[in-house]
DNA sequence: AAGTGGTCTAGACCACAAA
DNA sequence: TTGTGGTCTAGACCACTTG
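Residue numbers (this note's numbering), protein chains in the order written: chain A, 1 to 232; chain B, 233 to 464.
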C-alpha cells in the first residue's frame, strides 16, 4: 500500500500535513477545508490537536478561520514578518561592538504638530525633548530624537549616562503603540552628528508609545548602510 | 471578604491578570513566577488555561519560559512588531488608489554577487531578472527588481501584465526567507523611473525566498515619503 | 436553526534542563 | 533525579454567523 503512515505525533505534524496540502493544492486557494472534527478523525488525533495546528497556520496568515464559516485557504496569503525591538545598546552588543552613548540635548519644548499627530489628541502642549547619539565602537550608530510626556517621566530622571530607551523599557508599561520605517535624507546638522555626507540616505524608525496617556514618541535615525533585518 | 472575585472566564482573563502583575511589579523583572499548577489553583481554572495565557505572553516577549526552569519576567522585555507582507497591488488598493503595473525588463542574466550572497551557495550562475514598476493612481509607487530561479519559474510565464509578486505568492511554496529594510539614495536612473529628484532618500525592502532551492530575491524601492507601518 | 470554530476541563504522559 | 513546561485526549459547552 502506498499510503503514508500519518504518524501524527503532535500538532506540528498536523500543521505540516495541512501545510503540505495547501502547497500541493490539495486544498486550493478559496477552498473550504474539512472540519476540525473530520480532520481529527482522518489524522487520528483529538480535535484540540487539529485546532492547535490550524490556529497556528491561521496566525501565520496561511488559513482564514471563521466560526460557522469554516476554515478556508485565502486567495492571497498574507505573510507576516516579525521584528524584535530590543534596547539599542543590546543591538550594538549583539553586533559585537562596543556601545557608547552621548546626550546631546534635553529640554522642555513645545511639541511640533507631526509629533502631536502621532501621539494623539491628548498630547500635552509641551514635552521633554531628548536628543542623544548612540555609538558603536566609537562611531556614530544612531541618533535618538525623543519626546517624553513630563507627566510620566519625572524631571529628576536624567539621561546623561543612559538612554531614555532603557529607562522606559524597564519602567513604563504600555498598552498601545505603533512603529514605522521610512527613509530620510541627511541635512547638514544630521550629517554632522552622524558623521556622514549631507544628502546621504538614512533609515529612520518612528515609534510611539501610549498607556492611558501618551508616553513617548521617538525617531531613530541610523548611520548610512544600516539594515533592520528579520527572518520570515 | 476583600478578595477579588477571580471571574476567570477564559485564558484572556488569566493573561490580563498576569499582565497586570507584571506591570504592577508584583512579579518583578528577573523573578520567577509561580507554577502553572499553582496559578491554576489560585485563579480557579485548569492548568491548560494558564498554559495558554502564559504561552501567549511569552510569544509577545513579556515572559520567558523554560522547561524545568519555570517562567520568568525578562530583565529586558523584547517587544515584537509584526508586519503584514501583502501583494503590492493590494497595498495600493488598500490606500484607496488605483493600482497600475508596467514591466520594464525581463532577461536571463548573470547573478550579481550580492544577490548570490543573499540567496545562498546553491544559487545558479544565471537567473531571470525582472524589473517592473508599480503605479498608484498613475504615479510611480515602487520599483520591483527581482531575480528568479529559472528552475522554478518556467520561461513561458510572462510578467507583462501582472507582477511576479502575485504569481509567486500563489504558486510557490517556501520554507525560509528573510526580509530587511534599508535606505538608498536615488541615482539618476532610479530617479527617472520613480519620478523623483536624484539623490532623494528612498526606503528599500529586500526579501529572499527559498524552498529546497533558491526561489527569488527581490528589492522593492518605494517612491519618496513612503512608510511601512505596523501596530505593536 | 444549525454548523463550525473557540475554549474549558481533568487527567495523563513526556521532554527537557536544572539541581 | 526531579520539577517544570509542552502536549495529548475525550468530552463538553459556548459564541458566532451563515443559511
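All C-beta atoms, glycine included, are put in the ideal place defined by N, C-alpha and C.
Contact with chain B by residue i, beta-carbon distance below 8 Å
i, result
"residue 44(A)", "no"
"residue 77(A)", "yes"
"residue 67(A)", "no"
"residue 212(A)", "no"
"residue 179(A)", "yes"
"residue 183(A)", "yes"
"residue 231(A)", "yes"
"residue 73(A)", "no"
"residue 169(A)", "yes"
Proximal residues to residue i (C-beta, below 8 Å), its chain only, five neighbours per side dropped
i, result
"residue 294(B)", "251, 254, 305, 306, 309"
"residue 288(B)", "243, 247"
"residue 266(B)", "274"
"residue 40(A)", "46, 47, 49, 50"
"residue 370(B)", "330, 332"
Contact with chain A by residue i, beta-carbon distance below 8 Å
i, result
"residue 366(B)", "no"
"residue 449(B)", "no"
"residue 322(B)", "yes"
"residue 314(B)", "yes"
"residue 318(B)", "yes"
"residue 336(B)", "no"
"residue 395(B)", "no"
"residue 289(B)", "no"
"residue 327(B)", "no"
"residue 458(B)", "yes"
Delimiting residues of the beta strand (DSSP E) encompassing residue i
i, result
"residue 316(B)", "311–317"
"residue 244(B)", "Here residue 244(B) belongs to no beta strand (DSSP E); instead the alpha helix (DSSP H) covers 243–255."
"residue 109(A)", "99–110"
"residue 325(B)", "Run containing residue 325(B): none in the beta strand (DSSP E); it sits in the alpha helix (DSSP H), 320–326."
"residue 371(B)", "371–380"
"residue 302(B)", "302–304"
"residue 124(A)", "No beta strand (DSSP E) contains residue 124(A), which DSSP labels as neither H nor E."
"residue 217(A)", "214–222"
"residue 230(A)", "228–231"
"residue 413(B)", "408–417"
"residue 258(A)", "Nothing about residue 258(A) can be reported from this structure: the residues present for chain A run from 1 to 232 only."
Start and end residues, alpha helix (DSSP H) containing residue i
i, result
"residue 188(A)", "188–194"
"residue 38(A)", "36–43"
"residue 207(A)", "First-last for residue 207(A): 201–210, but that is the beta strand (DSSP E), not the alpha helix (DSSP H)."
"residue 351(B)", "345–351"
"residue 49(A)", "47–59"
Beta-carbon proximity list for residue i, same chain, < 7 Å, skipping 5 on both sides
i, result
"residue 126(A)", "108, 109, 110, 111"
"residue 6(A)", "Unreliable positioning characterises residue 6(A) in this predicted model, as indicated by a pLDDT of 47, which lies under 50. The coordinate reading is nonetheless provided below. Counting only Cβ-Cβ distances below 7 Å, and skipping sequence neighbours, we find 43, 44."
"residue 389(B)", "399"
"residue 153(A)", "128"
"residue 269(B)", "279"
"residue 348(B)", "355"
"residue 464(B)", "311, 313"
"residue 214(A)", "119, 120, 122, 123, 149"
"residue 431(B)", "417, 418"
Cβ neighbours of residue i in the same chain (closer than 6 Å, five flanking residues each side left out)
i, result
"residue 453(B)", "375, 434, 436"
"residue 450(B)", "378, 439"
"residue 184(A)", "202, 204"
"residue 262(B)", "307"
"residue 296(B)", "304, 306"
Check: residue i C-beta below 7 Å from any heavy atom of the ligand MN
i, result
"residue 182(A)", "This structure simply doesn't include the ligand MN, nor any ligand for that matter."
The segment 391–398 of chain B touching the segment 455–464 of chain B, judged by at least three CB pairs closer than 8 Å
no
Three or more beta-carbon pairs under 8 Å between the segment 320–339 of chain B and the segment 172–190 of chain A, yes or no?
no
Residues from the segment 185–203 of chain A in contact with chain B, defined by Cβ distance under 9 Å:
185, 186, 199, 200, 201, 202, 203
The segment 137–160 of chain A: which residues have C-beta closer than 8 Å to a C-beta of chain B, in chain order?
none
Against chain A: residues of the segment 245–268 of chain B by CB proximity under 9 Å
251, 254, 255, 256, 261
Between the segment 327–334 of chain B and the segment 379–389 of chain B, do at least 3 Cβ pairs fall closer than 8 Å?
no
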